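So the sequence shown is numbered by the working numbering: it starts at 85 and just counts up by one. Glycine is no exception: its CB is placed at the ideal position from the N, C-alpha and C atoms. Quantities reported herein were computed from a predicted structural model and do not represent experimental measurements. The block underneath contains the structure these notes are about, expressed in C-alpha cells.
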Amino acid sequence: MLVADRFRAAAGLLITLGAMSACAGASGFRVTPEEIPELETGLARDPDDASLRVRYASALFAAGRCGDARTQAEAAAAGWPENVVTPLVQGQCLEAAGRLAEAVDIYASYLRVHPDAAGAAAVRGRMLLAQRALVALQAQEAVLREAEISARPPEA
Numbered sequence: 085m086l087v088a089d090r091f092r093a094a095a096g097l098l099i100t101l102g103a104m105s106a107c108a109g110a111s112g113f114r115v116t117p118e119e120i121p122e123l124e125t126g127l128a129r130d131p132d133d134a135s136l137r138v139r140y141a142s143a144l145f146a147a148g149r150c151g152d153a154r155t156q157a158e159a160a161a162a163g164w165p166e167n168v169v170t171p172l173v174q175g176q177c178l179e180a181a182g183r184l185a186e187a188v189d190i191y192a193s194y195l196r197v198h199p200d201a202a203g204a205a206a207v208r209g210r211m212l213l214a215q216r217a218l219v220a221l222q223a224q225e226a227v228l229r230e231a232e233i234s235a236r237p238p239e240a
C-alpha cells in the first residue's frame, strides 16, 4: 500500500469518526462489529427504527461488510435522510470498491440537500479526498494511455 493510500485511509477513518461524534447523542453512537447480532435482533423487533439501522450499517461497515452496509445505509437514509453517517458509509464503501465517481456523487447529493447538517463538514472532507483520488486515478490512466500510444510504431 502506498503512503498516500495509507494517509487517505487514516484520514477517512478520522473524518468518519468525527462525523459520528458530531451527530446528536454521539456518546452512545460508537458501534463495533461485535454488536451486529444485537442490532439485528433490534431491527427484527422494529424494522422502521432508522437510528438503529444507521448503527447497524456502521457496524457492518466496521466489519468490512460493505455490500450489506451500503444496503442498510440506503434504507436508513430513507427514514433519516439528514443523518450524516449514511452517506459516509455508502461513499466509503464505493471508494473501497474503486467506484470513486459514484462516491463523489453520493457525497455531493447529500450536501446539496443538507449543506448545514451536523457533520456535513465531514462529508465535504470525504468528498474532497474522493475527488482527489479520482483525479489522481484519471491522471495515471492518461499517462498509461499516452505511453501505449507513444510505444506504437508511427503510421505511414
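Whether F207 touches V168 by CB criterion (9 Å): Looking at the sequence shown, residue 207 is not Phe but Val. Taking 9 Å as the Cβ cut-off, V207 and V168 qualify as a contacting pair.
Buried or exposed (CB count within 10 angstroms, at least 16 for buried), G148: exposed
R114 versus E122: straight-line alpha-carbon distance, rounded: 14 Å
Whether W164 touches V188 by CB criterion (9 Å): no
S142 burial status per 10 Å Cβ neighbour count (16 or more: buried): buried
CA-to-CA distance, Q156 to S135, given in whole angstroms: 11 Å
Per-residue DSSP class, three states only, for R216: helix
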